[in-house]
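Encoded as structure tokens, the structure appears first; notes follow it.
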Amino acid sequence: MNISTGFGMTLLIVGTMAGSATAQEAAHRSRCKAIHAAMAEDLTTACKPDDDSCFIGEVAGNHGLRGTTYFRADGSGTSPDTSPDFVPYSGQFEYSTKRGTLIMRETGIVNQTQGNLDSGAVTAFQKIVDATGDWAGTTGYFFVNGFSREGHVQTRVSGEICRP
């Protein structure tokens, strides 16, 4: 094989790989949708059995993410010395919609102080760990950001869901 033939083969292989990547990206885009939603939750004791307190709310978003929400923390951590007002937490989060239920693992931080500019700031990452109904087999993640004040949480949700 001479140099020009080898170079031609290299171009052919690189071109084929690029075409394959483009096809994979197109398939990903057809299965995956960007999510944008507004969510409001309230702290309550009217929870599922065995849950002393929880957050129940509503979500209004695109691509079928419209319905009720349920969250209960099942773990928390220690605040870092450099940001003592922020507390890490984790728990199961549920979005119940007409299509079924998305079950998420939420991991985040919340500022539990009062009277400061950053009081009540909350940010979390949610990963889909299970789903029912039309959502079965769906994968994806959401970022949740907003404020939790006096038992009421107002947040924005953004992320991506991918259907099977």
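Numbering-wise (this note's numbering), the sequence shown opens with residue 1386 and increments by one.
All C-beta atoms in this analysis are idealised placements derived from N, C-alpha and C, irrespective of residue type, glycine included.
Counting only beta-carbon atoms, is Asp1515 nearer than 8 Å to chain D? The structure shown contains no chain D; it holds only a single protein chain.
How is the beta strand (DSSP E) around Lys1418 delimited, first residue to last? Counting from one through the sequence shown, the residue named residue 1418 turns up at place 33. Looking at the DSSP string, the run of the beta strand (DSSP E) that includes Lys1418 is Cys1417 to Thr1429.
By how many angstroms is the C-alpha of Phe1510 removed from the C-alpha of Thr1529? Here residue 1529 corresponds to residue number 144 of the sequence shown, with the count starting at 1. Here residue 1510 corresponds to residue number 125 of the sequence shown, with the count starting at 1. Per the sequence presented here, residue 1529 reads as Val, with Thr not at that position. Cα-Cα distance, rounded: 6 Å.
Contact set for Cys1547: own chain, Cβ-Cβ below 7 Å, skip 5 residues either direction: By one-based count along the sequence shown, residue 1547 stands at place 162. Cβ within range, chain order: Arg1416, Cys1417, Thr1523, Thr1524 and Gly1525.
Starting from Ser1468, follow its DSSP beta bridges and name the residues at the other end. Indexing the sequence shown from 1 puts residue 1468 at position 83. Answer is none; Ser1468 lacks a bridge partner.
Terminal residues of the beta strand (DSSP E) in which Gly1525 lies: For the purposes of this step, residue 1525 is identified with residue 140 of the sequence shown, where counting begins at 1. Segment Thr1524 to Arg1534, the beta strand (DSSP E) holding Gly1525.
What is the DSSP secondary structure of Asp1515, reduced to helix, strand or coil? On the sequence shown, position 130 is the one that residue 1515 refers to. Three-state DSSP puts Asp1515 in a strand.
Buried or exposed: where does Ser1501 fall if 16 or more other Cβ atoms within 10 Å of its Cβ makes it buried? Mapped onto the sequence shown, residue 1501 falls at position 116. Checking the displayed sequence, the identity of residue 1501 turns out to be Asn instead of Ser. With a threshold of 16 other beta carbon atoms within 10 Å, Asn1501 falls short and is exposed.
Cα-Cα separation between Ile1513 and Ala1422, rounded to whole angstroms: In the sequence shown, the residue the question calls residue 1513 occupies position 128. In the sequence shown, the residue the question calls residue 1422 occupies position 37. If I take the Cα positions, the gap works out to 16 Å.
Would Ser1461 pass as a contact of Asp1470 if the rule is Cβ separation under 8 Å? Taking the first residue of the sequence shown as 1, we reach residue 1461 at position 76. Taking the first residue of the sequence shown as 1, we reach residue 1470 at position 85. Cβ atoms of Ser1461 and Asp1470: not closer than 8 Å.
What does a CB cutoff of less than 7 Å around Gly1449 pick up in its chain, not counting 5 residues either side in sequence? Counted from its first residue, the sequence shown places residue 1449 at position 64. Result list for Gly1449: Thr1482 and Arg1484, in chain order.
Skipping 5 residues on each side, what residues in its chain have a beta carbon closer than 7 Å to that of His1451? As a position in the sequence shown, residue 1451 is number 66, starting the count at 1. According to the sequence shown, residue 1451 is Arg rather than His. Once the five neighbours on either side are set aside, the close Cβ partners of Arg1451 are Val1444, Ala1445 and Thr1482.
Just the C-alpha distance for Phe1532 and Asn1496, rounded to the nearest angstrom, thanks. The sequence position of residue 1532 within the sequence shown is 147, counting from 1. The sequence position of residue 1496 within the sequence shown is 111, counting from 1. Straight-line Cα distance between these residues: approximately 9 Å.
Just the C-alpha distance for Ala1458 and Thr1498, rounded to the nearest angstrom, thanks. Taking the first residue of the sequence shown as position 1, residue 1458 is located at position 73. Taking the first residue of the sequence shown as position 1, residue 1498 is located at position 113. Cα-Cα distance, rounded: 18 Å.
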